[in-house]
Each structure stands twice: as structure tokens, then as C-alpha cells.
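Peer 1: Take 3 as the starting number for the sequence shown in the numbering used here and just add one per residue. This structure is in C-alpha cells; I'll ask about it shortly.
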Amino acid sequence: KHVIVNFGHTLRSLFQNTGIVEKCLVKNNNHKNNITIEAEEEWKRRLEYNAPWIRRHRWDDLLVTTTKSKRKALVICGGDKQLLYLQSFLYLLRVIHQSWLPIRIIARDNITDLTPPSRNLLQKQHQEYYYKQKNTTTPLSDDDESNSLLQFYYLIDYFDLDLVNLQRGWNTKAFALLVVPETELLILDADVILYQKPEIFFGQQSGYLRSGALFYHDRSKPPLSYDLHTY
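Next up, the structure:
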């Protein structure tokens with residue numbers, strides 16, 4: 003509960019030292035020296051103290067993520083129960099709007115949330131759109147651009163789900179933003195319907211470009227049996 007209540011403060015403390023690491027990496031052309039190593043170790047000490055819910059074997063992944071240059075992506079949390087929504091979103095984005103921004107689908111795990119059959123179905127659907135856009139029916143290599151434009155992440159690989167109470171669906175969004183490598187993100191509900199290409203959101207002068215963030219109001223929910231605003 004202490005970690006949950008202080009989530010915002012924890013994240014601020016967690017990444018307070020990231021700028022030092024990034025400057026060292028850039029200054030030394032990404033070749034580590036004693037200064038860089040020392041900065042990394044300090045960052046990891048802060049990480050262990052402030053965020054014990056992050057799995058240790060993912061520390062380096064998060065460090066690399068925080069020092070990457072800006073890239074854009076769409077982030078959607080969803081699983082088997084939202085499969086039809088996810089399929090509709092792929093069609094809307096790739097076929098209707100002809101947008102090829104990277105899509106990152108985030109789920110809690112591959113057993114109770116987004117299972118391999120559902121993941122394979124989404125990958126196959128996305129590849130069909132990609133081949134059609136490339137005017138080819140010949141399957142490309144496993145490392146082709148299609149796979150980089152649609153990627154899946156499971157939060158259980160990065161976080162202790164019990165410690166941060168990630169057994170429900172809505173509270174996964176904050177943690178989803180931590181695992182993807184891109185730094186300019188548009189996080190969407192699985193059932194969202196876009197009337198315009200998502201690139202427009204990243205180009206809004208009065209919102210995103212001016213302040214670095216853009217928020218929109220979701221529909222009001224009726225009172226439920228548990229607190230939706232824990233995070």
C-alpha cells in the first residue's frame with residue numbers, strides 16, 4: 003500500500019538520476035568509462051530503494067529505455083477479453099487511416115490476460131495489412147518491419163504484480179508507459195475509435211507541443227465496489 007499511495011513520488015525519485023547517466027553516455031559516445039559506470043550504479047541503487055517492485059533482470063532494459071532518443075508509439079492495454087476491440091483498432095489504424103505508427107500492446111501475462119493464440123491472431127492480421135501495403139504476398143523475414151511496428155509486452159516480465167496490485171485491468175496503464183522503449187507515447191483504450199490519424203495528436207501546437215502532454219476526458223463511470231483512483 004505504501005508503494006501504491008506514493009507511486010508518483012516513487013517515479014520522480016526513480017528517474018531523478020537518469021539525466022546524469024544519459025549525459026555520460028552521450029559525452030562518451032556510448033562507451034562506458036568509470037564515470038558512466040558510477041552513474042549507472044547510483045541509478046540502480048536508487049532503483050532498488052525506490053522501486054522494489056521492478057524485477058532486477060529488467061534493470062538494464064529500463065536504463066536503456068530512459069536514455070534513448072525520442073520516438074513515437076501508440077500504447078494499448080488489452081487481452082483476450084478485448085481481442086475484438088484490438089482487431090478493430092488494427093483495421094482502423096492500418097487500413098482506414100493508413101497510419102503506420104508503431105503499436106505496443108501491453109498485457110499483464112500470457113496465461114490469464116493475452117494468451118499466445120490471441121497474440122498470434124493479431125500478428126497474422128497485422129502482417130496481412132503490412133503485406134498488402136507493400137504490394138506483396140510473400141512472407142518477409144522474422145525481423146522485418148512488420149514485427150517492429152507491432153510488439154507485445156507482458157508486465158509480469160518487468161514487475162512484481164502482487165506488490166503493485168496489478169491484477170485488475172485499468173491500473174496497468176501507468177506501468178505500461180514504463181516498459182516500452184519509445185518516449186513519445188499516445189496511450190489509448192482498446193475500444194477507442196479514432197476519427198483522424200493519431201499523428202495529429204503529436205502535432206497539436208496548443209497542447210502537446212507547447213506543454214509536452216495532452217490529456218482528454220474519459221466518460222464518467224458510476225460508483226463501483228473498489229477505488230478506481232488508487233493510482
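Heads up, the beta-carbon is just placed ideally off N, CA and C, and yes, glycines get one too.
1. Opposite Gln100 in the DSSP bridges: which residues?
2. Give the secondary structure of Ala109 by DSSP, where H, G and I count as helix, E and B as strand, and everything else as coil.
3. Compare the Cα-Cα distances from Ile107 to each of Ile195, Leu196, Tyr218, Thr174 and report the closest residue.
4. What are the boundary residues of the beta strand (DSSP E) that Lys134 is part of?
5. Have a look at Leu216 and Glu186 and give me their C-alpha separation to the nearest angstrom.
6. Do you know how far the Cα of Lys199 is from the Cα of Tyr218?
7. Could you name the residues of the same chain whose beta carbon sits closer than 6 Å to that of Tyr87, not counting the 5 residues immediately before and after it, in chain order?
8. Helix, strand or coil for Phe217? Go by DSSP, reduced to three states.
9. Looking at the unbroken alpha helix (DSSP H) that takes in Ile202, where does it start and where does it end?
10. To which residues of the same chain is Leu188 closer than 6 Å at the C-beta, ignoring the five residues directly before and after it?
Peer 2: Well, looking at it:
1. Counting from 1 along the sequence shown, the entry for residue 100 is found at position 98. None, per the DSSP bridge assignment.
2. Residue mapping note: residue 109 aligns to position 107 of the sequence shown, counting from 1. Ala109: strand per DSSP, three-state reduction.
3. In the sequence shown, residue 107 corresponds to position 105, counting from 1. Out of Ile195, Leu196, Tyr218, Thr174, Thr174 has the C-alpha closest to the C-alpha of Ile107.
4. As a working note, residue 134 is residue 132 in the sequence shown. Element bounds for Lys134: not the beta strand (DSSP E) but the alpha helix (DSSP H), 118–135.
5. Position 214 of the sequence shown, counted from the start, is the residue given in the question as residue 216. Position 184 of the sequence shown, counted from the start, is the residue given in the question as residue 186. Going by the C-alpha atoms only, they are around 11 Å apart.
6. Counting from 1 along the sequence shown, the entry for residue 218 is found at position 216. Counting from 1 along the sequence shown, the entry for residue 199 is found at position 197. The straight-line gap from Cα to Cα measures roughly 16 Å.
7. By one-based count along the sequence shown, residue 87 stands at place 85. If we look at Tyr87 and ignore the five residues flanking it on each side, its Cβ neighbours are Ala192, Asp193.
8. In the sequence shown, the residue the question calls residue 217 occupies position 215. If DSSP states are grouped into helix, strand and coil, Phe217 belongs with coil.
9. Residue 202 sits at position 200 when you count from the first residue of the sequence shown. Element bounds for Ile202: 201–204.
10. Locating residue 188 in the sequence shown gives position 186, counting from the first residue. Closer than 6 Å at Cβ, skipping near neighbours: Leu76, Pro200, Phe203.
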